[in-house]
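Participant: If you count by our numbering, then the sequence shown holds residues 97 to 499, one letter each, in order. Cβ atoms here follow ideal geometry from the backbone N, Cα and C, with glycine treated the same way.
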Amino acid sequence: MDNQKIRADFPMLIKHPGFIYFDNAATTQKPQSVINDVTNYYENNNFNVHRSVYSAAERTTQMFEDCRYKIAKFINAKDSKSIVFTAGTTQGINKVANGYYKYNLKKDDEIVVSIAEHHSNLLPWQNIAKQSDAKLKYIDINEDGSLNLEYAKRVITDKTKLVAITAVSNVLGTVNNLEALVNIAHQKQADVLIDAAQAAPEIKINIQSLQPEWLAFSGHKMLAPTGIGILYGRKDLLAKMHPTQLGGEMIEHVDKYNFKTKTIPYRLEAGTPNIEGVIGLSAAIDYLKTIGMNNIEKYCQNLGQYLYDQLTKINGVTVYGPKKRQTGIVSFNVDNIHPHDAATYLDFNHIAVRAGQHCAEPLTHQLGVNATLRASMYFYNNQNECDKLVEQIIEMRSFFNGA
Numbered sequence: 097m098d099n100q101k102i103r104a105d106f107p108m109l110i111k112h113p114g115f116i117y118f119d120n121a122a123t124t125q126k127p128q129s130v131i132n133d134v135t136n137y138y139e140n141n142n143f144n145v146h147r148s149v150y151s152a153a154e155r156t157t158q159m160f161e162d163c164r165y166k167i168a169k170f171i172n173a174k175d176s177k178s179i180v181f182t183a184g185t186t187q188g189i190n191k192v193a194n195g196y197y198k199y200n201l202k203k204d205d206e207i208v209v210s211i212a213e214h215h216s217n218l219l220p221w222q223n224i225a226k227q228s229d230a231k232l233k234y235i236d237i238n239e240d241g242s243l244n245l246e247y248a249k250r251v252i253t254d255k256t257k258l259v260a261i262t263a264v265s266n267v268l269g270t271v272n273n274l275e276a277l278v279n280i281a282h283q284k285q286a287d288v289l290i291d292a293a294q295a296a297p298e299i300k301i302n303i304q305s306l307q308p309e310w311l312a313f314s315g316h317k318m319l320a321p322t323g324i325g326i327l328y329g330r331k332d333l334l335a336k337m338h339p340t341q342l343g344g345e346m347i348e349h350v351d352k353y354n355f356k357t358k359t360i361p362y363r364l365e366a367g368t369p370n371i372e373g374v375i376g377l378s379a380a381i382d383y384l385k386t387i388g389m390n391n392i393e394k395y396c397q398n399l400g401q402y403l404y405d406q407l408t409k410i411n412g413v414t415v416y417g418p419k420k421r422q423t424g425i426v427s428f429n430v431d432n433i434h435p436h437d438a439a440t441y442l443d444f445n446h447i448a449v450r451a452g453q454h455c456a457e458p459l460t461h462q463l464g465v466n467a468t469l470r471a472s473m474y475f476y477n478n479q480n481e482c483d484k485l486v487e488q489i490i491e492m493r494s495f496f497n498g499a
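So this is what it looks like as structure tokens:
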């Protein structure tokens, strides 16, 4: 990978050459090709989809549906009808919770999550568990942040109806052993939902290999615009889902007192969709394919490992998660400096990192801290930027300690 050539594709990096962006787990920057395709949509193809018979709108509809096929191929799903467009990972998971499990759980059924879940893959299950009198149970993590599979074998029982698990921790950067976990869950006849928000940008997803019942991810973490996401669902389960929204475009027939919905996936996509988001997501996938997901995964692993190794050399810095890094996400703390103060200091020096609980408060408490700093890197970042972060942390320690 030619990092300098890649950086030239991103207007933000070109226009702000001294700015180091290490908050990619929150959202990624957008390449010019994505910006161009969204602009082209507004300038030349701004028509609603699935509704009109005139040729211009039909062309836009074809572009929209082409992205659905492209997504299916991107995650190696057999059928594009298993792909539902959403506003993002959060909405996708909530659709599954409120459209399916709300109607398919009873008292004393079990939902299993890990202690490392993002709130988007925790709060919906807390809520559904309360509504249905089901039990919410947790899989613990090992000291290095990896999922404790032996613990999972004990927690997942014959009463477990769903295991909802993140593919990659947005705090620790750990990649969970999904194949093993899916196998454990399926042995107990439990469904599996995978939160792939942090995995889809860096790691090649193979639905046919993993065989989860559900998988959700967001476009904006993988170069696409905000407000667009994907929910994959097994077709027979999608067909049983109750639409969580009713209105235009998802119906086959309406009379004064009743309505009949369309088939999947359209019955789950009420209203005018985020067309420009879908167009942008399509362009983002094209861009990722030109680089290659395997290349991206390897590059982010190496960069994450490089930063981890440099940070662990600094006295007074604690780095969380595995010693062998698998992604570009590295969370850490600096002794006697609050993460918010540290992030503000780094901001003054044109380095953007995230500080806080990262929407994973139970995990933060598990780590024994109130908050952490998080540097999350992508393939347009480089070792030189990591070195500058390390230099600023060393200077920051001297500054706050009065040296």
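Go through its chain and collect everything with a Cβ distance to residue 153's Cβ below 8 Å, but skip five positions before and after it.
Facilitator: Here the question's residue 153 lines up with position 57 in the sequence shown. Counting only Cβ-Cβ distances below 8 Å, and skipping sequence neighbours, we find 143, 144, 145 and 147.
Participant: Please name the residue or residues paired with residue 448 in a DSSP beta bridge.
Facilitator: Position 352 of the sequence shown, counted from the start, is the residue given in the question as residue 448. Residue 448 is bridged to 117.
Participant: Which first and last residues belong to the alpha helix (DSSP H) in which residue 336 is found?
Facilitator: Position 240 of the sequence shown, counted from the start, is the residue given in the question as residue 336. 331-336 is the extent of the alpha helix (DSSP H) around residue 336.
Participant: Tell me whether the beta-carbon of residue 280 lies closer than 8 Å to the beta-carbon of residue 292.
Facilitator: Within the sequence shown, residue 280 is the residue found at index 184, counting from 1. Within the sequence shown, residue 292 is the residue found at index 196, counting from 1. No, the pair does not count as a contact, with Cβ atoms beyond the cut-off.
Participant: What runs of the beta strand (DSSP E), each 3 residues or longer, lie entirely inside the region 386-421?
Facilitator: 413-416
Participant: Take every Cβ of the region 401-413, pair it with every Cβ of the region 237-246, and state whether three or more of those distances are shorter than 8 Å.
Facilitator: no
Participant: Taking only the alpha-carbon atoms, compute the straight-line gap between residue 125 and residue 319 and give it to the nearest angstrom.
Facilitator: Here residue 125 corresponds to residue number 29 of the sequence shown, with the count starting at 1. Here residue 319 corresponds to residue number 223 of the sequence shown, with the count starting at 1. Each residue's Cα considered, the two are about 6 Å apart.
Participant: Which term fits residue 266, buried or exposed, when burial requires 16 or more other beta carbons within 10 angstroms of its beta carbon?
Facilitator: Taking the sequence shown and counting its residues from 1, the one referred to as residue 266 is at position 170. Residue 266 counts as buried, since no fewer than 16 other beta carbons sit within 10 angstroms of its beta carbon.
Participant: Using the rule of at least 16 other Cβ atoms within 10 Å of the residue's Cβ for burial, across every protein chain shown, is residue 444 buried or exposed?
Facilitator: Translated into positions along the sequence shown, residue 444 becomes position 348. So residue 444 counts as exposed.
Participant: Tell me which residue opens and which closes the alpha helix (DSSP H) that residue 98 is part of.
Facilitator: Locating residue 98 in the sequence shown gives position 2, counting from the first residue. It is not in any alpha helix (DSSP H) - residue 98 carries neither H nor E in the DSSP assignment.
Participant: With a threshold of 8 Å on Cβ separation, who are the neighbours of residue 215 within its own chain once the five nearest residues in sequence on each side are excluded?
Facilitator: The count along the sequence shown starts at 1 and reaches residue 215 at position 119. Only 455, 456 and 457 meet the Cβ criterion.
Participant: What residue range does the alpha helix (DSSP H) around residue 461 cover?
Facilitator: Counted from its first residue, the sequence shown places residue 461 at position 365. It spans 457-462 - the alpha helix (DSSP H) in which residue 461 sits, taken as one unbroken run.
Participant: Looking at the strands, I want to know which residues DSSP matches up with residue 287.
Facilitator: Residue numbering aside, residue 287 sits at position 191 when the sequence shown is read from its first letter. 258.
Participant: Any C-beta of chain C sitting closer than 8 Å to the C-beta of residue 144?
Facilitator: Protein chains in the displayed structure number just one, and chain C is not present.
Participant: Can you find the residues in the same chain that come closer than 8 Å, C-beta to C-beta, to residue 138, ignoring five residues on each side of it along the sequence?
Facilitator: Taking the first residue of the sequence shown as position 1, residue 138 is located at position 42. Only 372 meet the Cβ criterion.
Participant: Could you pull out every residue in the same chain whose Cβ sits closer than 8 Å to the Cβ of residue 183, ignoring the five residues on either side in sequence?
Facilitator: Along the sequence shown, one-based indexing puts residue 183 at 87. So the list reads 323, 324, 325 and 370, once near-sequence residues are dropped.
Participant: Going by CA-CA distance only, name the one from 317, 344, 309 and 343 that's closest to residue 329.
Facilitator: Position 233 of the sequence shown, counting from 1, holds the residue named residue 329. The candidate whose alpha carbon is nearest that of residue 329 is 309.
Participant: Compare the C-alpha of residue 395 against each of 228, 121, 299 and 111 and name the closest.
Facilitator: Here residue 395 is taken as the residue at index 299 of the sequence shown, counted from 1. Scanning 228, 121, 299 and 111 for the CA closest to the CA of residue 395 turns up 299.
Participant: Within 10 Å of its beta-carbon, does residue 346 have 16 or more other beta-carbons around it, so buried, or fewer, so exposed?
Facilitator: Sequence index remark: in the sequence shown, residue 346 carries index 250 (1-based). The residue in question, residue 346, is buried, as its Cβ has 16 or more Cβ neighbours within 10 Å.
Participant: Do you know whose CA, among 478, 178, 391 and 413, lies nearest residue 491's CA?
Facilitator: To locate residue 491, count along the sequence shown from 1; it is residue 395. Per the Cα distances, 413.
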